[in-house]
Structure formats: C-alpha cells, structure tokens
Amino acid sequence: MSTLVIAEHDNSSLNIATLNSVAAAQAIGGDIDILVVGESCQDAAAQAAKVAGINKVLVADNGAYANLLAENVAPLIAEVGASYSHILATSTSMAKNIIPRAAALLDVQPISDISAVISADTFKRPIYAGNVIATVQSSDAIKVMTVRGTAFDAAPADGGSASIEAVASAHNPGISTFVGEEVAVSDRPELTAAEIVISGGRGMGNGENFEMLYSIADKLGAAVGASRAAVDAGFVPNDMQVGQTGKIVAPDLYVAVGISGAIQHLAGMKDSKVIVAINKDEEAPIFSVADYGLVADLFVAIPEFDASL
Amino acid sequence: MKVLVAVKRVVDYNVKVRPKSDMTDVDLANVKMSINPFCEIAVEEAVRLKEKGVATEIIAISVGPQQSQEQLRTALALGADRAILVSTDEVLEPLAIAKCLKAVCDAESPDLILMGKQAIDGDNNQTGQMLAALTGFGQATFASEITIDGDKITVIREVDGGLQTVALNLPAIVTADLRLNEPRYASLPNIMKAKKKQLDTSTPADLGVDVAPRVKMLGVELPAERQAGIKVADVAELVDKLKNEAKVIS
Ligand SMILES: Cc1cc2nc3c(=O)[nH]c(=O)nc-3n(C[C@H](O)[C@H](O)[C@H](O)COP(=O)(O)OP(=O)(O)OC[C@H]3O[C@@H](n4cnc5c(N)ncnc54)[C@H](O)[C@@H]3O)c2cc1C
Ligand SMILES: Nc1ncnc2c1ncn2[C@@H]1O[C@H](COP(=O)(O)O)[C@@H](O)[C@H]1O
Numbered sequence: 001m002s003t004l005v006i007a008e009h010d011n012s013s014l015n016i017a018t019l020n021s022v023a024a025a026q027a028i029g030g031d032i033d034i035l036v037v038g039e040s041c042q043d044a045a046a047q048a049a050k051v052a053g054i055n056k057v058l059v060a061d062n063g064a065y066a067n068l069l070a071e072n073v074a075p076l077i078a079e080v081g082a083s084y085s086h087i088l089a090t091s092t093s094m095a096k097n098i099i100p101r102a103a104a105l106l107d108v109q110p111i112s113d114i115s116a117v118i119s120a121d122t123f124k125r126p127i128y129a130g131n132v133i134a135t136v137q138s139s140d141a142i143k144v145m146t147v148r149g150t151a152f153d154a155a156p157a158d159g160g161s162a163s164i165e166a167v168a169s170a171h172n173p174g175i176s177t178f179v180g181e182e183v184a185v186s187d188r189p190e191l192t193a194a195e196i197v198i199s200g201g202r203g204m205g206n207g208e209n210f211e212m213l214y215s216i217a218d219k220l221g222a223a224v225g226a227s228r229a230a231v232d233a234g235f236v237p238n239d240m241q242v243g244q245t246g247k248i249v250a251p252d253l254y255v256a257v258g259i260s261g262a263i264q265h266l267a268g269m270k271d272s273k274v275i276v277a278i279n280k281d282e283e284a285p286i287f288s289v290a291d292y293g294l295v296a297d298l299f300v301a302i303p304e305f306d307a308s309l
Numbered sequence: 001m002k003v004l005v006a007v008k009r010v011v012d013y014n015v016k017v018r019p020k021s022d023m024t025d026v027d028l029a030n031v032k033m034s035i036n037p038f039c040e041i042a043v044e045e046a047v048r049l050k051e052k053g054v055a056t057e058i059i060a061i062s063v064g065p066q067q068s069q070e071q072l073r074t075a076l077a078l079g080a081d082r083a084i085l086v087s088t089d090e091v092l093e094p095l096a097i098a099k100c101l102k103a104v105c106d107a108e109s110p111d112l113i114l115m116g117k118q119a120i121d122g123d124n125n126q127t128g129q130m131l132a133a134l135t136g137f138g139q140a141t142f143a144s145e146i147t148i149d150g151d152k153i154t155v156i157r158e159v160d161g162g163l164q165t166v167a168l169n170l171p172a173i174v175t176a177d178l179r180l181n182e183p184r185y186a187s188l189p190n191i192m193k194a195k196k197k198q199l200d201t202s203t204p205a206d207l208g209v210d211v212a213p214r215v216k217m218l219g220v221e222l223p224a225e226r227q228a229g230i231k232v233a234d235v236a237e238l239v240d241k242l243k244n245e246a247k248v249i250s
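Those protein sequences? They're chains A and B, same order as listed.
Its first residue numbered 1, the first sequence is counted upward by one per residue in the numbering used here.
Its first residue numbered 1, the second sequence is counted upward by one per residue in the numbering used here.
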C-alpha cells in the first residue's frame, strides 16, 4: 500500500492543508509520497521533504503547471498516481477542481471530503450538508479522495528527511489559459487555519459595518468569515463564505454575528469547539448549536465586546 | 451555439434529511424534491446566453429516475428548448453520470456544457470535472461570471484565495457557483408551454454506459449532537465565560 499526497502550496512554501492529508494518509497506513506540482516550486518541495514520515517527494516543476490548470495537472496526477493505491488531497478549491478530473482519467469514482478513515478501503464522509455521515467502501483499485481538513489534525511539519525526485513529464493540451487573479490580501490568519473565527451575516447591514468585526479579529488574532447572504449582498468577498458550499471551518472559537443559522451555514462551522451566537432574534436556529448565546442587537453588543477585550 | 445544461433532481434545500430507521441510507420517502439549486443557476445562465443571441439552442439533460421529468419540465419552463432524460432506477455515481453525459455530448456536439458546481444531496462536486476529463474539454469550475467571444470563453472562478480568471477553447465545461446569477421564476404561461416541448428518453444501456457502482454505501449515521448551550445575559457575562469557562480567549 502506498499513498500519493498532492501538495497544496504557493511554490515558495507548503500550505498547512497538505499536512491534514498526510495525517489521513497515516491513518490509512503504508508508504507516503508527496507530489509537488508547480513552477519554481523547489522551496515548497524542500519543505515537503521535511515533513515527518514521508518516503519521497516528487516534484513536477514546469511552466505548464504555473497556475495549476486542471487540464494540465490532472493528466500528471493520473500518470504519477497510477502506481499508488491511494491518492489524497485536502479539499481546497484547487483539489476540488483537479482531483475528480484526474480520477476520471484513471476510470476511478473519487470520494470527496472524507472525514474519517475506517480501513484502507472504507471511509466516512458527510452528505446532505453534513446532516448525515455516510460510511462508504470503494472497490476501485486506486482510491482517489479529497480530505476534509478540519477532520484530521495536521501531521508534524518537520522531523523528516525525504528524498526529492524530479518528474519530467509536462502535460499541456493547450485548451486553457490562466488570465489573472484577484487575491484577497490580509494580515489576518487564513479562515480554514485560524483558531478563532468571527463571522458576520446579513444582520451586519453593510460592508462598512464589518470593520467592527475586523477590529475584534485583530485583537483576538482571529479570521473573519461570513454567511452566504453577506457575500451575496456584496458586504464582503466570496472567499469569506463559510458553509456547505463555501469554506469548512472548525476553530476553537466561532462567533456568529447577525447570522440566522441556516443548515447550509451550520454545515461549515458546527464542528467548531466553542460556538458563540449574537443575534437579536431569540428564535434564530443558530442558538441551537451555540454554547453561548447572546440575544442582543449586534450594534450595541459588538462595540461593547470590542471594548472589553 | 448549442448549449447543454445538466440538471439533477435532488432533495429540496429546505429539507433536513434524516437516516432511515435501519440506518442503511437516508430516508427520502415523501420528501420534497427539486432541481438542484446550482443546476437552476446553470439553466438561468444558458437562458441569458440565448436572450443575448449567443446561444441558439438549449438542451436540458438529466440522468435519473422517471420523476426527473419534473425537473426537466422546470428547465423547459425556464427557457430550455428541449430535454433529454437518461432514465434509470439505480442511484448512479458521478463517474457513471459523467459517462452518460459524455455519450450525449458525442451525439449532440454542444459548444458549451453548463452544470452546477455541486449537487446538494451527495455534495460530491465531481461530475463536471469528470465529464471534462472524459470529453477532453477544458473546464471552469465555480464560475461567477462568463464571457463568450467567438470560440473562446472567459470565466471568473471563485477560489479559496479570491477570484481567478481563465480562458478556455470551446467546447468547454463550466460549473456554476452561487453568484453566477440569480435564477428567475418560471411564469405560468411558460410552465404550460413547457409541457409541449420535446422530451426524449433513453437509458444508460442505450448509450452503452457501464454503470456498475464502484463505491458501496455501508450505512449512515447522524453527526455527533452538540451539547445544549446556555444564554448569557450580557456582553460582560459572555466575555467572562469565554475567558474563564471555555478558556478560548485570554
Ligand atoms: C445551494 C445553497 C447553498 C448555500 N450555501 C451556503 C453556504 O455555504 N453558507 C451560508 O452561510 N449560506 C449558504 N446558503 C444560504 C442559506 O440558506 C441562508 O440563506 C444564509 O446562510 C442566510 O444568511 P444569514 O444568516 O446571514 O441571513 P439571514 O437568514 O437573513 O439572517 C440574518 C440574521 O441576522 C439577525 N439580525 C439582523 N439584524 C440584527 C441586529 N441588529 N443584531 C443582531 N442580529 C441581527 C436576524 O435576526 C437574522 O437571524 C446556501 C443556500 C443554498 C440554496
Ligand atoms: N444525475 C444527474 N443528471 C444530470 N446532471 C447531473 C447529475 N448528477 C450531477 N449532475 C451535474 O453535475 C453537477 C455536480 O454534481 P455532483 O458532482 O454530484 O456534486 C450538478 O449540479 C449537475 O449539473
């Protein structure tokens, strides 16, 4: 048995999300290799080689992989992954985009978002917005899966000294090109990695009012998230959406402000350790998952909360 | 330009799904079924392309039980020109569904295939990407804006870091995210008209697709219940609890 973990990285450094998949691979057992795909990604590969318990790091460093276009990367994963029993990647937007394409090239039915490993072929995963957890067994020769990051504690980032091998093949069918990106820059921690998340919903009223949450977040070292309604209304950008179809978070503390608690929102945060809800409607469903509920007008409570920190 | 739109019949998004009493699967008896919300967005986008004169024909397709005709009729009422049902009583996996869709693509040669990013039943988020692999077409998943210019499509995608723009040669596959558009409601006259539109039926066997499952559902369970919490009286009590009881802030 051997697992190929697809690294999440920005060429210069390895993203911690990779370590959640390494942990899932350890739960499966067998050798673990990491595949680093990118352009000028040697630094990320060097970091991957330091992860404890890694057998070898494969590096596909090529201009064809500069922006991780699915059309170019999926054939590489299918080619390199063909000799493994398992291929894993943490459920980031990159993995969700590429992994199913690679699986289809291998004629495999992939398994999305596993939350537990029962055995080498049996896994758990949430379905129906996390209202139900399914146990599924794969009969495919290669198990291709994405891993729910919040369900596996990150494996240690160092202590290892894996060998690094170059993968020469470059795939580029020439059917897609990268045009550009608009990346949100923030000094706050990344939403999916933060220990504290404070999220605002439609109740925030507008984008400017989110400044109140940023101020608290900066005091607590927290990330700021949002409900879909807040994103749809244009208060904040899409990358802040928490939920079934946004980001899945499970911080030590999640503070929901002016969020009603629709099942699609709960799907993205109900595994948080401690949940606080601040909402003026005492009937709001968010209170059913909150450890501490405060029925109050957020425009009074939030400034008070900020002042008391 | 010919546009194919894939729609799935799923549990309505307002339904809180429960396991069957024997815990073998979820209980879908007598629950409200609808068109998957992301598929509705895909249909809307196709209709807008037709209104702009970019699309000339919209074909809605669904793979599923006979009752999926209801969702196809909805797509027809929203503006699709005709529909295809690949009828099966088995619960198919995304790989098998993608193979059925591939067979229909081969027969219909669409220039653009619009799909949802995710079906809210299995939350798989796979079918579009897999169809793209099988057809060899380019893919733009999680689309929030599309622009068609000749034989190229430019798509803004919602990604973890923000927004990414890619350009693809047509034919291509685009999967809709929530912000691509806001779907309209079907008008009564259009619902009536939809009843007369062409709806063809075939089966996976007709298409020569092997739908044998690869992943077996062994059972389902409810997620861990959260302990009931408390209501705090004011901000001071909240801060005190967070500092001294939960110890999550200092
Ligand atoms: C296919 C699909 C996918 C979806 N995916 C997601 C997802 O990933 N994430 C997500 O979040 N949603 C998602 N949704 C949307 C979801 O169903 C809800 O519509 C959404 O979560 C509601 O956001 P909200 O709680 O901010 O808004 P509302 O439901 O409008 O709630 C606003 C809350 O603010 C409170 N409030 C208002 N003013 C104040 C005030 N001054 N002080 C205190 N409280 C106040 C109100 O009492 C209310 O409870 C999805 C829906 C669909 C159909
Ligand atoms: N049975 C089906 N029939 C038609 N389209 C489907 C079917 N299953 C999935 N799709 C399409 O693929 C998208 C993603 O579904 P999934 O991969 O199951 O999350 C859906 O929004 C549909 O557009």
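Cβ atoms here follow ideal geometry from the backbone N, Cα and C, with glycine treated the same way.
What you are looking at is a predicted structure, and each value in this text was computed from that prediction instead of being measured.
Query: So, is Leu-188(B) buried or exposed, given that buried needs 16 or more other C-beta atoms within 10 angstroms?; Result: exposed
Query: If you follow the beta strand (DSSP E) that Met-33(B) is part of, which residue opens it and which one closes it?; Result: 33 to 35
Query: For my contact list, Val-144(A) and Ala-102(A) are in at a C-beta cut-off of 8 Å; report their separation, rounded to the angstrom.; Result: 7 Å
Query: Taking buried to mean at least 16 other C-beta atoms within 10 Å of its own C-beta, is Val-257(A) buried or exposed?; Result: buried
Query: When you compare the CB positions of Asp-151(B) and Leu-170(B), do they come within less than 7 Å of one another, or not?; Result: yes
Query: I'd like to know if Met-217(B) contacts chain A, where contact means its C-beta is closer than 7 Å to some C-beta of that chain.; Result: yes
Query: For chain A, check one thing: does any of its Cβ atoms lie closer than 7 Å to the Cβ of Gln-75(B)?; Result: As written in the sequence, residue 75(B) is Ala, which differs from the Gln given in the question. Cβ-Cβ to chain A under 7 Å: no for Ala-75(B).
Query: So which of Phe-137(B), Ala-103(B), Ile-153(B) and Leu-134(B) has the shortest CA-CA distance to Asp-143(B)?; Result: In the sequence on display, residue 143(B) carries Ala and not Asp. Of Phe-137(B), Ala-103(B), Ile-153(B) and Leu-134(B), the residue nearest in Cα terms is Ile-153(B).
Query: When you measure from the CB of Val-63(B) to every non-hydrogen atom of ligand 2, does any distance come out below 6 Å?; Result: yes
Query: Under 6 Å: does the beta carbon of Gln-299(B) sit that close to some heavy atom of ligand 2?; Result: As shown, chain B starts at 1 and ends at 250. That puts residue 299(B) outside it, with no answer to give.
Query: Report yes if the C-beta distance between Val-86(B) and Ser-202(B) is below 7 Å; otherwise report no.; Result: yes
Query: Residues of chain B with a CB under 7 Å from the CB of Leu-213(A): which are they?; Result: Those within 7 Å of Leu-213(A) in chain B number zero; the least Cβ separation is about 15 Å.
Query: Taking 8 Å as the threshold, find out whether the stretch 71 to 83 of chain B comes into contact with the stretch 97 to 110 of chain B through three or more Cβ pairs.; Result: no
Query: Spell out whether any CB of chain B is found under 7 Å from the CB atom of Pro-110(A).; Result: yes
Query: Any chance you could list the beta strand (DSSP E) runs of at least 3 consecutive residues sitting entirely within the stretch 12 to 84 of chain A, in chain order?; Result: 31 to 38 and 56 to 61
Query: When the distance is taken between beta carbons, is Val-22(A) closer than 7 Å to Met-217(B)?; Result: no
Query: Where in the stretch 202 to 279 of chain A do unbroken runs of the alpha helix (DSSP H), each at least 4 residues long, occur, reported from the N-terminal end onward?; Result: 210 to 220, 228 to 232 and 263 to 266
Query: Does chain B have any CB closer than 7 Å to the CB of Ile-337(A)?; Result: Past the boundaries of the shown model lies residue 337(A); chain A is included only from 1 to 309, so the question cannot be answered.
Query: Please list, in chain order, the chain A residues whose beta carbon lies closer than 9 Å to that of Ser-144(B).; Result: Asn-238
Query: Grab me the residues of Ile-16(A)'s own chain with a C-beta within less than 8 Å of its C-beta, minus the 5 sequence neighbours each way, in chain order.; Result: Ala-154, Ala-157 and Ala-193
Query: Please output, in chain order, the residues near ligand 1 using a CB cut-off of less than 5 Å to any non-hydrogen atom of the ligand.; Result: Gly-201(A), Arg-202(A), Gly-203(A), Ser-227(A), Arg-228(A), Ala-229(A), Gly-243(A), Gln-244(A), Thr-245(A), Gly-246(A), Gly-258(A), Ile-259(A), Ser-260(A), Ala-262(A), Gln-264(A), His-265(A), Asn-279(A), Lys-280(A), Asp-281(A), Ala-284(A), Asp-297(A), Leu-298(A), Tyr-13(B) and Pro-37(B)
Query: With 7 Å as the threshold, decide whether the Cβ of Arg-226(B) is near any Cβ in chain A.; Result: yes
Query: Applying a beta-carbon distance threshold of less than 9 Å, which residues of chain B neighbour Tyr-292(A)?; Result: Gly-229, Ile-230, Lys-231, Val-232, Glu-237, Leu-238, Lys-241, Leu-242, Glu-245 and Ala-246
Query: Less than 6 Å between the CB of Gln-139(B) and some heavy atom of ligand 2, yes or no?; Result: no
Query: In chain order, what residues of the same chain lie with their CB nearer than 6 Å to the CB of Val-108(A), ignoring the 5 residues before and after it?; Result: Asp-140, Ile-142 and Val-144
Query: Please report whether the beta-carbon of Gly-268(A) lies at a distance below 7 Å from any beta-carbon of chain B.; Result: no
Query: Along the stretch 153 to 180 of chain A, what residues have a CB closer than 9 Å to any CB found in chain B?; Result: Pro-173, Gly-174, Ile-175, Ser-176, Thr-177, Phe-178, Val-179 and Gly-180
Query: Between the alpha carbons of Lys-219(A) and Val-255(A), how many angstroms are there, rounded?; Result: 14 Å
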